[in-house]
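Scroll down for the structure; my scribbles are underneath it.
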Amino acid sequence: MSNLFTTRDPAGMAVGQLGLLTVGLAGAFHEGLDNAFAKAEERRERRAAKRYADDLDAARGRADDLGRVAIRAVRDLAAAEAEIARLRAALEQRAAYIARIQKKAA
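Quick note: the sequence shown uses the numbering used here, first residue 1, plus one each step.
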């Protein structure tokens, strides 16, 4: 193979060698760029997965809190219903007493 100094067309040889060098550098640059994009996509996916896991944990925590609130509300409702039943019984007792007094007075 001839080199730049022994060829009859040194400009053509220089252009050819420069072209090969440019193709090699462009290939290396392209490969590096592909690797950089792949790593960026991988980091983006990891961040998205972490954000999803964090959101899921937060939702589970809120669901636990809401469960405790619901249990407390059911207990309070049961207590209120018991109080209402007690008050109704007392009201009926007083109404019956008033009716007896009114019968005696009449």
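For every residue, glycine included, the Cβ atom is placed at its ideal position computed from N, Cα and C.
In this structure, the CA atom of ALA79 is about 54 angstroms from the CA atom of ARG43. The alpha-carbon separation between LEU66 and ALA48 amounts to approximately 26 angstroms. DSSP places ARG68 inside the alpha helix (DSSP H), whose first and last residues are 10 to 105.
The C-alpha of THR22 is placed about 14 angstroms away from the C-alpha of MET13.
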